[in-house]
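Numbering (the numbering used here), first residue to last: -17 to 196.
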């Protein structure tokens, strides 16, 4: 982090420049700082600017530099690792499962994990959520191609797991109560078959030894 002294004793004005933004907007950054696009340096405390920006849940790191007539802000945003839907709200989570946003999804396509999960402080918790997360992470590690074909993975109240496809066609797939390596392989093989044969189906049951679709 590059910081200069806190207050500048000067009537000089400077343009506020922001780079590194991916999902945040320039005006949003100015709102966080309670600043305009052009500021008087004597009114700027760069340390407080850093604190304000790093306090935003979307921000990972901040660096500030003062140049002639310019305050340059570089922001590194947190990467959204998961989308979770529970209790009618949609959450973006980072890799440490901290909540980045609520009902303000800006990330690129990421399958949604849905179910009845516990929310405590700034985290989604509970064994049911963490178990599902581990299974889904293993699924996408084994078969990353599925990530762009699945729109949602739902943990129902009865413990059954349902996968919602949006490609090659919209379909609901019942996986049973556990996404094992075997179940993951069955899912991949079934989706590959449907895609290669250009078959259309609305529902598939992979919870048993055999696969049924219609």
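Note that the Cβ used here is the ideal one computed from N, Cα and C, for glycine as well. In this text the structure is predicted, and so the values were computed from the model without any measurement.
| Asked | Found |
| --- | --- |
| If you compare alpha carbons, which of 95, 4, 23, 27 is closest to residue 147? | 95 |
| My understanding is that residue 36 touches residue 44, with C-beta atoms under 8 Å, so please give their C-beta distance in whole angstroms. | 5 Å |
| Note down the Cα distance separating residue 72 from residue 133, rounded to an integer number of angstroms. | 14 Å |
| What are the complete alpha helix (DSSP H) segments, minimum 4 residues, inside the region 27 to 97? | 28 to 36 |
| With which residues is residue 100 paired in a DSSP beta bridge? | 107 |
| What does the Cβ neighbour count give for residue 141, buried or exposed, with the cut at 16 atoms within 10 Å? | exposed |
| Apply the 10 Å Cβ neighbour rule to residue 124 and answer buried if 16 or more other Cβ atoms are within range, or exposed otherwise. | exposed |
| Could you tell me which residues DSSP pairs with residue 114 in its beta bridges? | Bridge partners of residue 114: none, in fact. |
| To the nearest angstrom, report how far apart residue 48 and residue -4 are at their CA atoms. | 9 Å |
| Could you give the distance in angstroms between the alpha-carbon of residue 13 and the alpha-carbon of residue 102? | 28 Å |
| Of all the options 63, 53, 39, 33, which has the alpha carbon lying nearest to the alpha carbon of residue 1? | 53 |
| Where does residue 120 sit, in a helix, a strand or coil, going by DSSP? | helix |
| How many whole angstroms separate the CB atoms of residue 99 and residue 145, which I take to be in contact at a CB cut-off of 8 Å? | Not a contact, Cβ separation roughly 18 Å. |
| So what's residue 160 in DSSP terms, helix, strand or just coil? | coil |
| Distance check for residue 157 and residue 186, CA to CA, integer angstroms please. | 9 Å |
| What did DSSP end up calling residue 196 once you bin it into helix, strand or coil? | coil |
| The alpha helix (DSSP H) with residue 15 in it runs from where to where? | 8 to 15 |
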